[in-house]
Amino acid sequence: MNMKPIVWVVAMLLLAAGAWAQEEAVTDTTTMTLPAPPTNLRVFDIPHDHGHGVIVEWTLSPDDGTGKNDVVGYRVYRADSPGGPFELRQTIPMGVDSTSDWGVKESDSPDYYPNNKDFYYKVAAYNDGGETDSDVFGPVQAKGQLFNPGKWPVLVAVVLFTIFMLYFIFRAKRGAELYIRPLAGIEAVDEAIGRATEMGKPILYILGLGTAADIATIASFTILGRVAKKVAEYQTSLIVPCYDPIVMTIAQETVKTGYYNAGRPDAYNEDSVYFLTNQQFAYVGGVNGIMLREHPATNLYLGKFYAESLILAETGAVAGSIQISGTDEVTQIPFFVVACDYTLIGEELYAASAYLGREPVLLGTLKAQDYGKAIVILCIILGTVAAILNWSWFVDLFHVGQ
Amino acid sequence: MKKEIPLLIVFVSGLFMAVQFFVPHSTSEKIYEFVMEWTIIIGIFALALGIWSLIRVSVNRIRRRTPNWQYSIVILAGMFGMVIFGLSFLGGVRSYMFRHFFDYVMIPLHATMFSLLAFFIASAAFRAFRARTALATVLLLSALILMLRFNPYLGPLGDQDAALAAWILNVPNLAAKRAIIIGIGLGIVATALKVILGIERGYMGSD
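In order, the protein sequences belong to chains A and B.
Start counting at 1 in the first sequence, then tack on 79, and there's your number in our numbering.
Start counting at 1 in the second sequence, then tack on 91, and there's your number in our numbering.
See below:
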């Protein structure tokens, strides 16, 4: 049987059906009604920011979420003048009535949003039939603020704390007796240096992996200065392998000054403070090698430590050294507690310089810290009571904004 | 003047950084970024000082034949070897030798050092969990409860253990942790103020 005519007929029918369907679709689109426009357009500067963005808000189109003229979404346009030309900035899905139009401060970036410049905005609701514009809003400017009110609680806390500190420093300078509880770790420093002297072995001082900008490292410099002075007095040796070159430079100066203060500048060995590497585990390998070859009598780990803390401290324990550690890295403190003889926990590291020096000014700052902690404890108790009584205003007092 | 000028620089820089935290204006941000870029530049120059320090110490050890001086040769060979293999006219960091030394020497060595942590955790745990005092016994029991929560063979007892472990982590453990963190926060502010006001001068190499 010859199938050719039948195939031709079927093909022609399919083509005709396709053309008809396409015509229907076009007809349907052109007859679709445009959505009602969004209203009440408001554009204003983003508060408390760097000044490169605005917030755009509007009332949803009455057709949003309803029937045949359903809104698919909104298009946010911006122009330099009310007459345009308008540039499409964002497309927002239906049901959403606000957005932020913001950029960066770098003028050479494609995302640059200029501040202190007049802009005009409009928002259009759109569906398959087209879009309908709102009224134009403007002019509006993005401005940078000079103070972020969201950070009031931080400012108040810092000012209060500074006042406390200055007050106690003033009191200490006038000769008031300030009691501070003894810290075993600090008192053991002298004993550890004495032990090294008796054994004729060096002291290994590790400043950790922190940079010179870390507070823990800064605190460690002060302790290093005291240790260097004692080491110079006892005429024992000190090894300070460093992870960071800037830290090394400061440590060299600190140790040199320690020897100078002890009246033994000639005993300072330039090779005692040196750079090892700035690769974490290569540094650990290097320090472990020193521990196992030199067998230092005392290891001091004071500064910022990460995963290497336990590897260092356990190797030191295996080598039979007396070990004193201190860090403000909460996750590493347990490792040091387990592997070292004495550990300075968190803030005790910062307090160590005051303990070692016993200078009234530094002791005054410690007292201020204690009072600061007392206020925090009081606020925690009050906060608990406020939460039970559902006083959200009290909790809001401590809320810090972005 | 040798002390006063650095102290003045620290005071002005510290005060600017403190004020900058509260000022969101883009000018403040630009100055902050400028300062941060400078710290990177200083860091690069300091790296040269660091490398010089390592070379000097290693060469001195080799020259004086101090004990274990041979390790200094390994340090210098490793450092200069990688620098030479990384030179652009020898193929740069994508060259065969550089990549092979990096992939098959440096990375396995780093991984080995990190892997040691597992053994050190075991040895440290053995020492810490000896129930010699009441507090050590509490530590031992807490550790047992926490470790057993991962045991799949405990059945319904496992669910209870997991709940108890979660309580230990979220209540007493977190309370202690937060107490330490609050103390650290106050300590950081106090130390920063001491540095800004010139009370703490350890970073300058003086008391």
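Ideal Cβ positions, reconstructed from N, Cα and C, are used throughout, including at glycine.
This one's a predicted model, so the numbers in the text were calculated from it and none came from an experiment.
Annotated as distal: Y153/A and F165/A, with beta-carbon spacing of 7 Å or more. By the Cβ test, the stretch 234–241 of chain A is in contact with the stretch 280–289 of chain B, since at least three Cβ pairs between them sit closer than 8 Å. The Cβ of Q220/A sits no closer than 7 Å to any Cβ of chain B.
By the C-beta density criterion, F176/B is buried, having at least 16 other C-beta atoms within 10 angstroms. Excluding the 5 residues flanking it on each side, E312/A has same chain C-beta neighbours closer than 6 Å at A341, in chain order. Non-local beta-carbon contacts of W160/B in its own chain, meaning distances under 8 Å to residues more than five positions away in sequence, involve R152 and I153 in chain order.
Using a 10 angstroms sphere on the CB of S160/A, the tally of other CB atoms stays under 16, which defines it as exposed. At a cut-off of 7 Å between beta-carbon atoms, G105/B makes no contact with chain A. Contacts with chain A at 7 Å (Cβ-Cβ) include F205/B. In this structure S179/A is exposed. Its beta-carbon is surrounded by fewer than 16 other beta-carbon atoms within 10 angstroms. Taking a C-beta distance under 7 Å as the contact criterion, F217/B and I390/A do not qualify as a contact pair. Within the same chain, and ignoring the five residues on either side of P324/A in sequence, the residues whose Cβ sits closer than 7 Å to its Cβ are F354.
Within 10 angstroms of the beta-carbon of R292/B lie 16 or more other beta-carbons, which makes it buried. Setting aside the 5 residues that flank it on each side, Q169/A is surrounded in the same chain by V155, T178 and D180, each with a C-beta closer than 7 Å to its C-beta; the list follows chain order. Between I272/A and K308/A, the C-beta gap is not smaller than 7 Å, which leaves the two residues out of contact.
Taking the CA atoms as reference points, K93/B sits about 19 Å from Y338/A. Here F220/B carries a coil assignment [DSSP, helix/strand/coil].
Taking a beta-carbon distance threshold of 7 Å, N151/B counts as an interface residue toward chain A. Residue state for V101/B is assigned as helix, using DSSP reduced to three classes. Closest in alpha carbon position to G289/B, among A295/A, L262/A, G264/A and T301/A, is T301/A. Between the stretch 456–475 of chain A and the stretch 239–256 of chain A, the count of C-beta pairs closer than 8 Å stays below three; the two stretches do not touch. By the neighbour-count criterion, in which a residue is buried when 16 or more other Cβ atoms sit within 10 angstroms of its Cβ, Y385/A is exposed.
Taking a C-beta distance under 7 Å as the contact criterion, N194/A and H131/A qualify as a contact pair. Contact between Y192/A and F216/A fails: their C-beta atoms lie close to 17 Å from each other, not under 8 Å. Annotation for L255/B: I236 place their beta carbon closer than 7 Å to its own, counting only its chain and skipping 5 residues before and after. With contacts defined as CB atoms closer than 7 Å, V352/A and A376/A fail to qualify as a contacting pair.
When beta bridges are read from the DSSP output, W137/A appears opposite no residue. Within chain A, V417 have C-beta atoms less than 7 Å from the C-beta of R218/B, given in sequence order. Annotation: Q169/A is outside any alpha helix (DSSP H); the continuous beta strand (DSSP E) that includes it extends over E166 to P172. DSSP links G132/A through a beta bridge to W181/A. Short of 6 Å from the beta carbon of Q111/B, and not among the five residues preceding or following it, lie these beta carbons of its own chain, in chain order: S119 and Y123.
By the C-beta density criterion, G425/A is buried, having at least 16 other C-beta atoms within 10 angstroms. In the structure shown, L113/A falls within a coil segment according to DSSP collapsed to helix, strand and coil. Taking 7 Å as the CB threshold, I164/B stays off the interface with chain A. In the three-state reduction of the DSSP assignment, Q402/A falls in the strand class, which pools E and B. According to the DSSP assignment, N367/A belongs to the alpha helix (DSSP H) that extends over Q359 to E373.
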